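Those sequence lines, one after another, are chains A and B.
Take the first sequence: its position 246, counted from the start at 1, is 246 in UniProt numbering, and no numbers get skipped.
Take the second sequence: its position 214, counted from the start at 1, is 214 in UniProt numbering, and no numbers get skipped.
Don't be surprised by glycine CBs; every beta carbon is placed ideally from N, CA and C.
All values derive from a computational prediction rather than experimental measurement.
To keep things clear, I will list the structure first and then write my remarks on it.
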Amino acid sequence: MPMGHTTTAEAGSGGLTATEHRLANGLRVVLSEDHLTPVAAVCLWYDVGSRHEVKGRTGLAHLFEHLMFQGSGQVKGNGHFELVQGAGGSLNGTTSFERTNYFETMPAHQLELALWLEADRMGSLLAALDDESMENQRDVVKNERRQRYDNVPYGTAFEKLTALSYPEGHPYHHTPIGSMADLDAATLEDARQFFRTYYAPNNAVLSVVGDIDPQQTLAWIEKYFGSIPSHDGKPEPRDGSLPQTIGEQLREVVVEEVPARALMAAYRLPHDGTREADAADLALTVLGGGESSRLYNRLVRRDRTAVAAGFGLLRLAGAPSMGWLDVKTSGDVEVPVIEAAIDEELARFAAEGPTPEEMERAQAQLEREWLDRLGTVAGRADELCRYAVLFGDPQLALTAVKRVLEVTPAEVQEVAKARLRPDNRAVLVYEPKSPQDVEDADVPEDPEQEATVEAGNENEETAK
Amino acid sequence: MTQLATMDFHPQPRPGEAKPWAFPAPERGTLDNGLTVLRCHRPGQQVVAVEVLLDAPLDAEPAGLDGVATIMARAFSEGTDRHSAEEYAAELERAGATLDAHADHPGVRISLEVPASRLAKGLGLLADALRAPAFAESEVERLVRNRLDEIPHELANPSRRAGKELSKELFPATSRMSRPRQGTEETVEKIDAAAVRAFYDRHVRPATATLVVVGDLTGTDLDALLGDTLGAWTGTPGEPRPVPPVTADDTGRVVIVDRPGAVQTQLLIGRIGADRHDRVWPAQVLGTYCLGGTLTSRLDRVLREEKGYTYGVRAFGQVLRSAPDGTGAAMLAISGSVDTPNTGPALEDLWKVLRTLAAEGLTDAERDVAVQNLVGVAPLKYETAAAVAGTLADQVEQHLPDDFQATLYRQLAATGTVEATAAAVNAFPVDRLVTVLVGDASAIKAPVEALGIGEVTVVAAE
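What follows is the structure in structure tokens.
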């Protein structure tokens with residue numbers, strides 16, 4: 001084998017270690033060595049996401065993320081992309097509700113370049129930020145929105161469910177992509193102010209994972225980031241707390257040009273970082289994760305009323321998490337038929353809890369997902385940042401799988417009983433409209449006014 | 001003026017010394033039943049990736065039964081002689097495994113991923129599926145109905161819809177490649193368990209199949225594991241099927257698939273060209289990257305970073321089917337979405353980029369950056385077992401030697417600017433491109449006609 005420089009580091013969740021450091025300006029640093037492959041991942045999480053945005057400026061955090069790739073003090077134009085790619089690296093940035101991340105995966109001998117680049121834009125972005133890049137990236141982001149959400153069937157479902165589940169005025173009421181009107185309204189001064197408010201070393205966590213020399217890496221980090229001044233004045237995000245359950249069933253029916261009826265729903269679930277969130281993850285996996293789940297067996301295999309049926313979990317730390325149900329109907333099946341079957345399955349699950357076999361399967365699936373996440377240096381770097389930013393302790397990333405395996409069937413049943421109830425969900429129903437039926441359409445959709453949807457919680461910087 | 005942070009600036013650092021890395025060389029062998037096995041130990045990769053290639057290509061589907069290979073591929077995980085469909089899915093998930101199967105022009109591919117600690121269980125389930133699939137009537141009937149339900153979803157997706165139209169335009173109507181890989185409503189509804197069984201009996205056997213296993217195999221006696229699992233799969237001897245040549249009509253023309261009211265136009269501009277057997281391949285990879293491999297390539301530099309017409313436009317070459325004698329072909333294409341009002345201007349710029357490339361060629365700087373990226377990212381790209389297994393399986397499927405990828409990296413580094421330019425210009429000649437636009441015909445037809453890039457026809461979206 002051409003590689004394998006050491007036998008100490010294991011890519012499973014078992015043998016991994018991470019060390020923590022803090023620069024005088026407040027930048028938190030997490031390092032993790034793994035010499036199996038000559039690559040190094042750099043990941044930088046800024047503690048700012050769409051939840052920090054204010055009314056009339058939705059989408060600003062993500063638009064700003066694009067501007068971070070438009071040059072900085074010592075980097076011209078598209079230099080961030082050109083230099084990393086020219087060094088044999090890959091890079092991207094994404095924006096979610098709770099954070100913005102930037103990452104580079106580099107051949108190990110090019111690590112210093114990635115650190116230099118990240119430091120340059122953290123310390124001197126405003127030296128390069130101008131109207132031309134603002135206007136250009138505004139158009140790019142609007143096209144991103146069209147491509148990923150507005151021009152695809154059901155593309156705005158996630159946005160609608162989010163708006164239903166998190167009430168008007170709540171920091172998570174809107175999704176990171178923002179509205180067209182707000183994207184149009186954002187100004188260069190908004191972007192500058194955003195940078196001055198949130199892009200500071202004391203509002204970020206930097207992780208470096210892979211084939212690195214920790215002492216040398218830390219010295220480079222001190223050299224490049226150490227002189228960037230810290231600054232305070234970041235406003236606390238608006239309070240995201242909500243009652244444990246919604247208390248009623250919310251509902252929206254959308255008549256659109258979609259290929260089939262769909263039933264979607266968002267359940268309000270425990271905050272990420274709690275044992276209850278892990279229990280909810282297991283409950284959703286038993287009910288709707290994969291092709292041996294209860295809903296798949298019932299709707300797709302036995303009743304044959306659905307083409308696809310599954311649950312996803314959007315873990316959130318600053319607000320209740322969201323359990324997202326997505327069912328596309330088969331043939332001419334009506335939504336109430338599906339809905340009754342789902343209610344029956346959820347009620348049965350709440351009454352009986354998972355079987356031992358279901359627990360074993362759900363835990364095995366989540367364990368493999370963690371092995372996948374931690375099996376690459378980039379995945380590990382991202383998880384270390386996540387736990388450092390959201391929960392104050394990167395080490396929690398390395399023990400996350402253990403916590404999932406410790407959850408008991410009784411805890412899974414308990415969370416299902418408390419949360420997976422009809423009075424704790426927002427339901428979104430899609431009814432197809434053929435183009436000939438326009439005259440009946442009493443709900444004209446105006447994407448400039450309506451909050452529309454997305455299929456994931458993150459916005460990727462590039463179209464891959 | 002803006003208030004600038006006062007940080008200390010340092011000059012751009014220089015790289016350290018590159019550490020050696022090479023694309024892994026697999027170990028090749030054959031089981032007693034004729035199954036070819038490639039294995040590759042990747043320390044630290046705790047999720048093992050397994051790929052199976054079956055010599056059951058789409059052109060082997062009986063006339064009128066397009067989609068039978070797809071239904072067979074899906075039916076592999078719907079029960080065996082030991083487990084019902086529900087039990088089989090449950091057993092896979094109990095092992096923390098995922099199993100995906102799909103049918104394409106070169107053959108059927110099955111991908112298993114499973115934690116190394118449960119490899120024995122995963123290989124056992126995979127072997128059961130190949131050796132003794134149940135193909136129960138009710139399960140096949142369900143898969144057929146499910147497939148029929150999927151079709152309208154695919155037609156509603158702009159990029160899938162564009163792909164379907166381009167295949168129909170490029171390839172002769174008699175060629176399987178002109179029709180959807182997974183069949184149409186008309187053909188899929190005719191498929192039943194007997195048809196699936198017949199296709200399996202005719203085309204699935206260990207003697208013409210290959211297994212690829214990649215991951216951390218420390219402490220695993222793979223020979224014993226394989227003997228107990230896939231070694232028990234039996235079948236009659238068989239010869240590899242002959243591979244028909246690929247032909248296409250790339251007369252420059254435009255087809256608009258009409259979607260009234262669409263806010264964007266999906267572009268798919270393509271033709272066919274050289275596959276990996278052709279000596280031009282490394283230069284074609286390099287030239288295509290310079291044209292549209294990333295957001296700093298020529299197309300996005302204009303269409304995205306200067307004009308803001310798009311979130312991203314990419315040029316790529318994707319092997320359709322290869323033959324041992326080199327008569328295979330790759331799809332060479334440019335794809336992306338542009339907003340409806342700027343569809344004409346975006347296409348005009350796109351053609352201008354192609355014409356400028358032909359007139360002036362690539363620069364040495366562009367070529368250098370492309371080589372550094374394409375070669376430099378290899379250790380990142382092949383960090384996971386799944387990535388390595390996928391490439392090894394592709395090589396087998398395309399009748400290439402096991403060291404093809406390793407050799408390709410050396411060839412890329414040795415390819416010059418002139419060769420890369422010539423390959424890119426030959427790959428994307430301005431008058432030999434079939435353009436499919438999925439968008440609002442009433443808004444885009446006139447501006448596209450004005451460009452003179454070929455006759456424009458409009459078809460209904462269905």
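Between A/Ala341 and A/Arg301 a beta carbon distance of about 12 Å is seen, past the 8 Å cut, so the two are scored as non-contacting. Collapsing the DSSP output to three states places B/Ile453 in coil. Contacts with chain A (Cβ-Cβ distance below 9 Å) from the stretch 303-315 of chain B involve Arg304, Glu305, Glu306, Lys307, Gly308, Tyr309, Thr310, Tyr311, Gly312, Val313 and Arg314, listed in chain order.
The three-state reading of DSSP puts A/Thr162 in helix, counting H, G and I together. The Cβ neighbour count for A/Asp332, taken over all protein chains shown within 10 Å, is under 16; the residue is labelled exposed. For B/Gly344, the nearest beta carbon of chain A is not closer than 9 Å to its own beta carbon. In this model, A/Gly169 and A/Ala319 are separated by some 13 Å (Cα to Cα). A/Ala128 and A/Phe195 have their alpha carbons spaced roughly 12 Å apart. At a cut-off of 9 Å between beta carbons, B/Lys445 makes no contact with chain A. If you draw a straight line from the Cα of B/Gly293 to the Cα of B/Gly317, it comes to about 10 Å. Residue-level contact check: B/Ser337 touches chain A, since one or more beta carbons of chain A fall below 9 Å from its beta carbon.
DSSP, read as helix, strand or coil, puts B/Val371 in helix. Rounded to whole angstroms, the separation of the alpha carbons of B/Val52 and B/Leu35 is 10 Å. Between the C-alpha atoms of A/Glu291 and B/Glu27 there is a straight-line separation of about 34 Å.
Residue pairing from DSSP places B/Leu38 in a beta bridge opposite B/Arg28 and B/Val212. Spatial neighbours of A/Val404 in its own chain (CB-CB distance under 6 Å, excluding positions within 5 residues in sequence) are listed in chain order as Asp278 and Leu366.
Unbroken beta strand (DSSP E) runs of no fewer than 3 residues, entirely contained in the stretch 324-367 of chain B, are found at 329-339, following chain order. Within the same chain, Cβ atoms closer than 6 Å to the Cβ of A/Val327 are found at Leu263, Ala306, Ala309 and Ile338, the five residues on either side in sequence being excluded.
Counting along the chain, the unbroken beta strand (DSSP E) around B/Gln264 starts and ends at Gln264 to Gly273. Given a length threshold of 3 residues, the stretch 157-181 of chain B has no whole run of the beta strand (DSSP E) inside it. Using a Cβ distance threshold of 9 Å, A/Ala157 and A/Thr105 do not count as a contacting pair. At least 9 Å separates the beta-carbon of A/Leu295 from that of A/Arg268. Within the same chain, Cβ atoms closer than 6 Å to the Cβ of A/Gly123 are found at Ile228, the five residues on either side in sequence being excluded. In the DSSP assignment, A/Leu36 falls outside any alpha helix (DSSP H) and carries neither an H nor an E.
DSSP links A/Glu431 through a beta bridge to A/Val255.
Using a Cβ-Cβ cut-off of 8 Å, A/Gln365 is close to Glu93 and Gly96 of chain B, given in chain order.
A residue is called buried when at least 16 other Cβ atoms come within 10 angstroms of its Cβ; A/Glu276 meets this threshold and is buried.
Among the CB atoms of chain B, none fall inside 9 Å of the CB of A/Tyr102. The alpha carbon of A/Arg380 has as its nearest neighbour, out of A/Val42, A/Leu23 and A/Leu63, the alpha carbon of A/Val42. For A/Gly15, the number of other beta carbons within 10 angstroms of its own is below 16, and it is reported as exposed. Proximity to A/Gln249 across A/His21, A/Gly56 and A/Arg421 peaks at A/Arg421, based on C-alpha coordinates. Residue range Ala306 to Leu314 is occupied by the beta strand (DSSP E) that includes A/Gly312, with no alpha helix (DSSP H) assigned at that position. Rounded to the nearest angstrom, the gap between the Cα atoms of A/Val141 and A/Thr94 is 12 Å. Beta bridge pairing from DSSP links B/Arg253 with B/Val434 and B/Glu455.
Interface flag for B/Phe404 against chain A is unset, since no Cβ pair is found closer than 9 Å. Nearest C-alpha to B/Ile151 among A/Gly226, A/Asn78 and A/Pro259: A/Pro259.
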